[in-house]
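Chain order of the listed sequences is Z and F. Per our numbering, residue 87 is the first one in the first sequence, and the count goes up by one each step. Per our numbering, residue 894 is the first one in the second sequence, and the count goes up by one each step. All C-beta atoms, glycine included, are put in the ideal place defined by N, C-alpha and C. Note that the coordinates shown come from a computational prediction; the quantities given were computed from them, not determined experimentally.
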Amino acid sequence: MPRTPYAFLCLVALLAMPGCKIIKTADEGEAGAAAQAGEAGDEGRIAALLEKTYDSELLPLIAEKAQATGDLRSALAGGLEAAGPSFGNRGSGEGAAWNFAVKGEGKVVEANLTSRARKAVLDTDGDGKADLTLQLGPVIKGSSLRDVAPFYRFGDFRDQIEFAKLARALNDRASAALVVPEGELAGKSVSFTGTVDLKAATDPWLVTVVSLSVAP
Amino acid sequence: MNLNRRHVLGGMVAAVSGILPALSLAQGKGIIAIITPSHDNPFFKAEADGAAAKAKELGYEVMVLVHDDDANKQSELFDSAIAAGVKAIILDNAGADASVAAVQKAKDAGIPSFLIDREITATGVAVSQIVSNNYQGAQLGAEEFVKLMGEAGEFAELIGKESDTNAGIRSKGYHDVIDQYPDLKMVASQTANWSQTEAYTVMESMLQANPGIKGVISGNDTMAMGAWAALEAAGRTDVIVVGFDGSNDVRDSILKGGIKATVLQPAYAQAQMAVEQADKFLAGGSTGTEEKQLMDCVLINAENAAKLETFALSA
Chain Z
87 MPRTPYAFLC LVALLAMPGC KIIKTADEGE AGAAAQAGEA GDEGRIAALL EKTYDSELLP
147 LIAEKAQATG DLRSALAGGL EAAGPSFGNR GSGEGAAWNF AVKGEGKVVE ANLTSRARKA
207 VLDTDGDGKA DLTLQLGPVI KGSSLRDVAP FYRFGDFRDQ IEFAKLARAL NDRASAALVV
267 PEGELAGKSV SFTGTVDLKA ATDPWLVTVV SLSVAP
Chain F
894 MNLNRRHVLG GMVAAVSGIL PALSLAQGKG IIAIITPSHD NPFFKAEADG AAAKAKELGY
954 EVMVLVHDDD ANKQSELFDS AIAAGVKAII LDNAGADASV AAVQKAKDAG IPSFLIDREI
1014 TATGVAVSQI VSNNYQGAQL GAEEFVKLMG EAGEFAELIG KESDTNAGIR SKGYHDVIDQ
1074 YPDLKMVASQ TANWSQTEAY TVMESMLQAN PGIKGVISGN DTMAMGAWAA LEAAGRTDVI
1134 VVGFDGSNDV RDSILKGGIK ATVLQPAYAQ AQMAVEQADK FLAGGSTGTE EKQLMDCVLI
1194 NAENAAKLET FALSA
């Protein structure tokens, strides 16, 4: 089916634009994956897309756009519709969440490292109360890593399944790179960079972490 | 005026489609056809009602048709709509691949199509595809299911009608989350074809074969209702059931402490949005937005179930 390679080429062309870089349309491995049409080729295409974009586009984008927790909170105090366009990127479709890159440090108030979806709840503004939750994997909820990036667009994918596979692959990639120390986290200081998606300015923050360091 | 023609037209379409189309009169911006699966499922009725209400509000007449998930019938309905000279078609389609040709046929006749709920596998054929993010919705349902199950135990899955794309998408979304928990063991998985009565029977036999079942995740609400009835009959109301769609039936069950959760697709609002885009497109040649738009689903549980009414969540 010819539409798949076409979609892939569009994507490659699109990805080439923001950084004004010249990217080869496809090397042999990717051509092989792209040639497999439909769902059977998803894994290959998504893997190739991650290879091309995760380290060279997504992580730099997050690093560049990341707002300090306090700054993002101040911006959100003026409303999500004002903060969104200035600092974030909106997911596809009406009513989609605004996605922000965020960085900060704080004290762990509470942690659950026994769940498959490990979490640490932080106090980042020093008032002694929890104000955000870090997702530490291996199971990560949501698609904010995908949706924070304007270069991953739903329309460039075959369907919602392929688009969802990208989100999952990004989450897996991020959580696999995290080093979470053994033992009690509560009381320790951590610093992090990650992404958060908000549908309302007052939504609780559930941060997908791309880098984490825990003070000894 | 052309009242007679309308009646004749209505009769023709009814003869072709085998159902009675609802033609209503308005100020004459033309007709919008609204084609969905059977209204037996209240979800599709909510879609059709939402689209019809918005179309009338904007000054169109409506022609409401159902394709019963039959691509051939859908093709005939498109012929009828084209022959009737409709201005636009709002479609919840009868198959991601099979529907491309019908939508293309309308496009070739100069009639724009605006898709809701399900997507098709081609772009550039429909003007809009406002897609319910069933995958994301299924992930939400599965995350809640995993939490309720305490990340462990035996469970069963009820799958929808195989020919419906969303049956597969939801099942994949469920497994995307659940399969990351090695202590959750699927002991049975079977289709009940979206049917409440079939789900009842399937659940009965699943329970006999696997008395240790602790949870059931269902591809839609009607099957969840059937499963819950079987569980009640067997005295197994301890079993955790999670559905999908956000129907009033499941809402009521949640509020009574029966079924634990479901996932709402904003059917009514989505259909209205499609009509607004159609109106904008007919007036100015553009919807002002991208063709493919994803619409997120919302988790419904005891916390927010009371706010749910006819596939819409009040603020």
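| Check | Outcome |
| --- | --- |
| Near-chain A residues of the segment 171-184 of chain Z - C-beta to any C-beta below 9 Å | Included in the structure are the protein chains Z and F, with no chain A among them. |
| Contact set between Q1186(F) and chain Z, taken where Cβ atoms lie within less than 9 Å | S178, G179, E180, A182, F240, G241 |
| Cβ-based neighbour list, L970(F), same chain, cut-off 7 Å, excluding 5 preceding and 5 following | S910, I928, L958, H960 |
| Short CB-CB distance (under 9 Å) between K1065(F) and chain Z | yes |
| Alpha helix (DSSP H) runs contained entirely in the segment 235-291 of chain Z, provided each spans 4 or more residues | 246-263 |
| Members of the segment 1165-1180 of chain F that neighbour chain Z once the beta carbon cut-off is set at 9 Å | M1166 |
| Distance between A123(Z) and K1054(F) (C-alpha atoms, nearest Å) | 24 Å |
| Residue from K205(Z), S201(Z), D217(Z), P236(Z) with nearest C-alpha to T294(Z) | K205(Z) |
| D209(Z) - DSSP class collapsed to helix/strand/coil | strand |
| Paired residues, beta bridge with F1007(F) - DSSP | I983(F), S1021(F) |
| Contact with chain Z by M905(F), beta-carbon distance below 9 Å | Any reading at M905(F) needs caution, since the residue's pLDDT is 43, under 50, leaving its predicted position unreliable; the model's value is listed next. Closer than 9 Å: no. |
| Cβ-Cβ separation, L264(Z) to V232(Z) (assumed contact under 8 Å), whole Å | The residue you asked about is not Val; residue 232(Z) is Arg in the sequence shown. About 18 Å separates the two Cβ atoms, so there is no contact after all. |
| Interface partners of Y1093(F) on chain Z, CB under 9 Å | Ordered by position in chain Z, no residue passes the 9 Å Cβ test against Y1093(F), which lies about 30 Å from the chain. |
| Sub-9 Å separation of S1088(F) and T1058(F) beta-carbons | no |
| Where E1012(F) falls: helix, strand or coil (DSSP) | coil |
| Beta carbon of N1027(F) nearer than 9 Å to that of I1062(F) | yes |
| Residues sharing a beta bridge with W184(Z), DSSP | R176(Z), L284(Z) |
| 7 Å Cβ cut-off: residues of chain Z touching E890(F) | Lying before the first or after the last residue shown, residue 890(F) is absent from chain F, which here runs from 894 to 1208. |
| Sufficient close CB pairs (3 or more, under 8 Å) joining the segment 1120-1131 of chain F to the segment 966-981 of chain F | no |
| Contact under 9 Å by Cβ, N1103(F) with G1136(F) | no |
| Neighbour list for V979(F) in chain Z, Cβ cutoff strictly below 7 Å | Going along chain Z, no residue has its Cβ under 7 Å from V979(F), so there is no contact; the nearest lies around 24 Å. |
| V1018(F) versus W1121(F) - alpha carbon distance | 42 Å |
| Residues near E248(Z) in its chain [Cβ-Cβ closer than 6 Å; skip 5 each side] | D128 |
| Three-state class that DSSP yields for E841(F) in the structure shown | The structure shown does not extend to residue 841(F), since chain F is modelled only from 894 to 1208, so the question has no answer here. |
| Buried versus exposed, by CB contacts within 10 Å (16 or more), I1193(F) | buried |
| Rounded straight-line distance, which links the Cα of L252(Z) to that of E116(Z) | Low confidence applies to E116(Z): its pLDDT is 41, below 50, so where it sits in the model is not reliable, and the reading given next is rough at best. Approximately 16 Å between the Cα atoms of the pair. |
| Euclidean distance between Cα positions of H1068(F) and A1176(F) | 44 Å |
| Test item: CB-CB of S261(Z) and L222(Z) under 9 Å | yes |
| Cα-Cα separation, P302(Z) to K274(Z) | 8 Å |
| Nearest to L271(Z) (by Cα), restricted to the options K215(Z), E137(Z), N198(Z), G179(Z) | N198(Z) |
| Reference L144(Z); option with closest CA among N175(Z), D245(Z), E167(Z) | N175(Z) |
| Cα-Cα separation between I1023(F) and K151(Z), rounded to whole angstroms | 29 Å |
| Chain-ordered chain F contacts of S201(Z) [CB-CB under 7 Å] | E1044 |
| Enclosing alpha helix (DSSP H) for T870(F) [first to last residue] | Lying outside 894 to 1208, the shown extent of chain F, residue 870(F) is not represented and no answer is given. |
| Continuous beta strand (DSSP E) stretch holding L1175(F): start and end | Careful: L1175(F) lies outside any beta strand (DSSP E), inside the alpha helix (DSSP H) at 1160-1177. |
| Under 8 Å from the C-beta of Q246(Z): neighbouring residues of chain F | E1012, V1024, N1026, N1027, Y1028, Q1029, I1062, L1187 |
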